[in-house]
Amino acid sequence: MSFSVRNIIAFWTLSVCLLVHSSALAQSANLERVVTARFSDVSVEEVLSYLSAQGNFKFSYNSSLIDEDKSVELILVNKTIREAIGLLFKGTIRYKVQGQYVILLKAERDPVYVSGVVYDAVSGKKLPNVSIYERNSLTSTITNQNGYYRIRLNHTKTIFKLSVSEPEHESQTLVIKILQSETKDWALQPKVKQPELPFDDNSPYFPSLIDTVAVPKEVPILVPRVPVTGLLLSEYSVADTTDNIFPIYRKDSSRLFRFWDEIKSRFSRMMIARSQRIHDKNVTDTLSRPFQLSLLPFLGTNKLLSGSIENRVSVNIVMGYSAGVRKMEFGGGLNGVRRNVNGFQFAGIGNIVGKNVTGVQMGGVFNTVLGETQGVAMTLGWNHTWKNMTGLQAAGLINITHKETRGAQLSGVLNVTGKLSKGLQMAPILNVVLKESKGWQVGLLNFSHKISKGGHQIGFLNFSDSSATAPIGFLSFVGKGNGYKRFEVAIDEIQSANITFKTGVPALYNILTLGSNFVRAYELVNIGYGFGRAYKLGGRWMMNTDVTGGLIVEYNQYGEINQGVLWRFDLGFEKFLARNSTLTFGPSIKALVIDPANSSYANGKPFKNMPTYQAIRSTERFTLWYGFQMGLRIKQRYGD
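As numbered in mature numbering (1 follows the signal peptide of the UniProt record, and there is no 0), residues -26 to -1, 1 to 614 make up the sequence shown, in order.
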């Protein structure tokens, strides 16, 4: 038999490979040798020397790779040498076998993946949209429709704290010591729901003190009816928190609130990623970070758990979103905070806060707080607080507080407080308190349902249902609480007919009057305005003191107009004739000031024979005399 050169080369190559392979297998087998030892206050080099002696091999490594002087505390009980190497270096060193040597190399850590299924521990049903997150790295994911998840843990440590959370089930947290990818399934226990019992001592479903065990198997749950086509929504209606990331504070919901809910829902879907909204609903823990920087809500250092993270300082380039801010927040566009802000918040466009603000809030266009504001809120557009505001709201357009205002509302157009106002409302156009005001309203138009002691209105037109103080304005309308309204038809010594309207409160009311003398040789027309006060005299009597002034016009024999100013002080006595009608009469003092621009006195003195009897004093431009007035009044059906 003859062998060719090719066959000889192949033979020797195979022999060498088998030799090397057998050597490697031998070293691998040596690594599987079991050792039991305890090392206390020894160096890494001493541990390696012991392991190499037990395995009959040698370690080879770069001295800069490990700290040979590091003190080691290690207990090995029936561990293989391979496991001992892992425990010694805790995954920071990898190795390879070459001949009689085990070469130590720096570990190149690959990403670790944990995957599995989340299911209901009772029914076994796989749960979708469950949050799985790692608290330290803020890595997170959610389960798919089949309950499956896969999370990447690319962390410098080998210890991970995984949490699983979902509203209908008890949350779980587990510390995982992991060096490689693995599978982890989660069985979540459903939360126990307490039955809703009607709070009625006489109800057969309400447990008594004697028999607290006898609870029916089926307990009816009282659910308020919601009209399908009506304007109102139930106060117990719950918005879809997957879409609406901000809480809802309201009792009576109308079209306004439905419109606002729709805006918030659309805003949430547009600006907040779906996975973030799911995490917001699932994760009840509040995580903390000293600082966060974001471009958009889903592009930032808070990652997709931003709605569950509170930051000391938050900087948002376009828009940011977090659970809370404890010191300050700056935003080039919008700032969105699910819960509370304590400190300073500034946004180029607007701020939206889900709960309370304590500090200073500044927005270019708007500030919206769904809880309470304590501090200062300033914007060129509108400030909107859904609960109470304590401090200052200053807006170029509108300030709105749904419940109580304790401080000042200053705006360029409109101030609104829904429940109670204690402080100052000042707007050039309109101030509104829907329930009770114990502060000041200063503006063109003021409205308050009830003005209590300490409350005041100063404006052109004032409206209220009741007022414990006297409103000050051109006209003040007070309703059935303690309002004063009179419509009067009267005559006096210079007027054939005089129509007067009085409105306000007895302590101070406004007077509008229009009079005419159409039977006089030269017809007179008078229009006036004034103030008055009413006094109760007892029985069915009242007294009024009225001061009015106004323009009086006379048409002379040539059709020319003579003008003057008529001032009058009336002391009137009012006798109730029936429920809504009274008789009034009393003396008066009148003064006429004649305009020097009237027609020539050659045509006769203007307002000649006024009065027709001796005046107290009379000159060419001034006349003072005593007069009288009497007439019938129609009063309001309520109050005085």
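Even for Gly, the Cβ is constructed at its ideal location relative to N, Cα and C.
Paired residues, beta bridge with Arg263 - DSSP
Stepping through the sequence shown from its first residue, residue 263 is reached at position 289. Bridge partners of Arg263: Asn285.
Straight-line gap, Arg286 to Glu144 (C-alpha atoms, nearest Å)
Walking along the sequence shown from the start, residue 286 turns up at place 312. Walking along the sequence shown from the start, residue 144 turns up at place 170. Rounded to the nearest angstrom, the two C-alpha atoms are 29 angstroms apart.
Return the chain-ordered ranges of every alpha helix (DSSP H) run that is complete within the region 23 to 75 and spans a minimum of 4 residues.
55 to 63
Mind reading off the beta-carbon distance from Met604 to Ala464? Whole number of angstroms is fine, and I expect it under 8 angstroms.
Translated into the one-based positions of the sequence shown, residue 604 becomes position 630. Translated into the one-based positions of the sequence shown, residue 464 becomes position 490. Going by Cβ atoms, the distance from Met604 to Ala464 rounds to 6 angstroms, so yes, they are a contact pair.
Can you tell which of Leu606, Tyr509 and Met352 has its C-alpha closest to the C-alpha of Ser555?
Walking along the sequence shown from the start, residue 555 turns up at place 581. Checking every option, the nearest Cα to that of Ser555 belongs to Leu606.
Which whole runs of the beta strand (DSSP E) in the region 388 to 463 are 3 residues long or more, in chain order?
388 to 391, 394 to 411, 414 to 425, 430 to 441 and 446 to 452
Whose C-alpha, out of Pro570, Glu140 and Met293, is nearest the C-alpha of Asn256?
Sequence index remark: in the sequence shown, residue 256 carries index 282 (1-based). That would be Glu140, whose Cα lies nearest to the Cα of Asn256.
Quick one: Cα of Leu525 to Cα of Lys476, how far?
Here residue 525 corresponds to residue number 551 of the sequence shown, with the count starting at 1. Here residue 476 corresponds to residue number 502 of the sequence shown, with the count starting at 1. Between Leu525 and Lys476, the C-alpha separation is close to 18 angstroms.
Only counting the same chain, and skipping five residues up and downstream in sequence, which positions put a Cβ closer than 8 angstroms to that of Lys32?
Along the sequence shown, one-based indexing puts residue 32 at 58. So the list reads Ser26, Gln74, Tyr75 and Val76, once near-sequence residues are dropped.
Below 8 angstroms between beta carbons: does that hold for Asn530 and Tyr496?
Counted from its first residue, the sequence shown places residue 530 at position 556. Counted from its first residue, the sequence shown places residue 496 at position 522. Result yes, Cβ atoms of Asn530 and Tyr496 sit closer than 8 angstroms.
Element boundaries [alpha helix (DSSP H), containing Lys579]:
Taking the sequence shown and counting its residues from 1, the one referred to as residue 579 is at position 605. Per DSSP, Lys579 belongs to no alpha helix (DSSP H) and is neither H nor E.
If Leu511 and Asn484 are in contact, beta carbons under 8 angstroms, what's the gap, nearest whole angstrom?
Stepping through the sequence shown from its first residue, residue 511 is reached at position 537. Stepping through the sequence shown from its first residue, residue 484 is reached at position 510. With a Cβ gap of about 22 angstroms, Leu511 and Asn484 do not count as contacting.
From Asn314 to Glu410, what does the alpha carbon distance come to, in whole angstroms?
Numbered from 1 along the sequence shown, position 340 holds the residue referred to as residue 314. Numbered from 1 along the sequence shown, position 436 holds the residue referred to as residue 410. Whole-angstrom Cα-Cα distance: 28 angstroms.
Nearest by alpha-carbon distance to Leu394: which of Ile372, Ile403 and Phe421 is it?
The residue labelled residue 394 in the question sits at position 420 within the sequence shown. Of the listed residues, the one whose Cα sits closest to Leu394 is Phe421.
Which runs of the beta strand (DSSP E), 3 residues or longer, sit entirely within the region 90 to 176?
105 to 108, 114 to 116, 122 to 127, 133 to 140, 143 to 151 and 160 to 162
Going along the chain, which residues of its own chain have a beta-carbon closer than 6 angstroms to the beta-carbon of Met517, five neighbours each way excluded?
The residue labelled residue 517 in the question sits at position 543 within the sequence shown. Excluding positions up to five away in sequence, the list reads Tyr509, Leu511 and Phe547.
Would you mind giving the Cβ-Cβ distance between Phe340 and Thr353, rounded to the nearest angstrom? I have them listed as a contact below 8 angstroms.
Here residue 340 refers to the residue found at position 366 when the sequence shown is read from its first residue. Here residue 353 refers to the residue found at position 379 when the sequence shown is read from its first residue. About 6 angstroms; that satisfies the 8 angstroms criterion.
Evaluate Trp360 with the Cβ neighbour count: other Cβ atoms within 10 Å of its Cβ, from every protein chain shown; 16 or more gives buried, anything less gives exposed.
Translated into the one-based positions of the sequence shown, residue 360 becomes position 386. Buried is the call here.
Extent of the continuous alpha helix (DSSP H) to which Gln252 belongs
As a working mapping, residue 252 is identified with position 278 in the sequence shown. Reading off the sequence, residue 252 comes out as Ile, not Gln. Taken as a continuous stretch (DSSP letters only), the alpha helix (DSSP H) holding Ile252 covers Arg248 to Asn256.
Please determine, among Gly90, Thr113 and Gly121, the residue with the shortest C-alpha to C-alpha distance to Lys99.
For the purposes of this step, residue 99 is taken as the residue at position 125 of the sequence shown. Residue Gly121 is the option with its Cα nearest to Lys99.
Indicate the three-state DSSP secondary structure (helix, strand or coil) for Ser280 in the structure shown.
Position 306 of the sequence shown, counting from 1, holds the residue named residue 280. It is helical.
Look at the alpha carbon of Thr379 and the alpha carbon of Pro561, and state the distance between them as a whole number of angstroms.
Residue 379 sits at position 405 when you count from the first residue of the sequence shown. Residue 561 sits at position 587 when you count from the first residue of the sequence shown. Using only the alpha carbons, I get a separation of about 48 angstroms.
What are the residues that DSSP puts in a beta bridge with Ile326?
As a working mapping, residue 326 is identified with position 352 in the sequence shown. Ile326 is bridged to Gly310 and Thr342.
Buried or exposed: Phe134, going by 16 or more other Cβ atoms within 10 Å of its Cβ?
If you number the sequence shown from 1, residue 134 lands on position 160. Phe134 comes out buried.
Can you list, in chain order, the residues of its chain whose CB lies under 6 angstroms from that of Val406, leaving out five sequence neighbours each side?
Mapped onto the sequence shown, residue 406 falls at position 432. Contacts found: Val390 and Phe421.
Does the Cβ-Cβ distance between Asp159 and Val91 come in under 8 angstroms?
The residue labelled residue 159 in the question sits at position 185 within the sequence shown. The residue labelled residue 91 in the question sits at position 117 within the sequence shown. For Asp159 and Val91, yes; Cβs fall inside 8 angstroms.
Closest by CA to Ile323, which one among Arg312, Gln537 and Phe304?
Residue 323 sits at position 349 when you count from the first residue of the sequence shown. Per the Cα distances, Phe304.
In terms of DSSP beta bridges, what is residue 626 paired with?
Nothing about residue 626 can be reported from this structure: the residues present for the chain run from -26 to 614 only.
Take Pro480 as the anchor and find which of Ala351, Thr115, Tyr295 and Ser440 has the nearest alpha-carbon.
Translated into positions along the sequence shown, residue 480 becomes position 506. Per the Cα distances, Ser440.
Taking the beta strand (DSSP E) that Asn373 falls in, what are its first and last residues?
Numbered from its first residue, the sequence shown carries residue 373 at position 399. Element bounds for Asn373: Ile372 to Thr375.
How many whole angstroms separate the CB atoms of Ile116 and Ser249, which I take to be in contact at a CB cut-off of 8 angstroms?
Along the sequence shown, one-based indexing puts residue 116 at 142. Along the sequence shown, one-based indexing puts residue 249 at 275. Contact flag correct, Cβ pair sits at about 6 angstroms.
Given a cut-off of 8 angstroms, decide if Lys564 and Gly601 are closer than it, judged by their beta-carbon atoms.
Here residue 601 corresponds to residue number 627 of the sequence shown, with the count starting at 1. Here residue 564 corresponds to residue number 590 of the sequence shown, with the count starting at 1. Cβ distance < 8 angstroms, so Gly601 and Lys564 count as in contact.
Exposure label - Asn357; buried when at least 16 CB within 10 Å:
If you number the sequence shown from 1, residue 357 lands on position 383. Under this definition Asn357 is a buried residue.
Please work out which residues of its chain come closer than 6 angstroms, Cβ to Cβ, to Ala444, disregarding the five sequence neighbours upstream and downstream, and give them in chain order.
Residue numbering aside, residue 444 sits at position 470 when the sequence shown is read from its first letter. Within the same chain, Ala444 has close Cβ partners Val479, Ala481 and Leu482.
For Gln335, count neighbouring Cβ atoms within 10 angstroms of its own Cβ and tell me buried if that reaches 16, exposed if not.
On the sequence shown, residue 335 is found 361 positions in, with the first residue counted as 1. Flag for Gln335 reads buried.
Quick check on the DSSP output: the beta strand (DSSP E) that includes Asn484 runs from which residue to which?
The sequence position of residue 484 within the sequence shown is 510, counting from 1. Leu482 to Asn491 is the span of the beta strand (DSSP E), which, as asked, contains Asn484.
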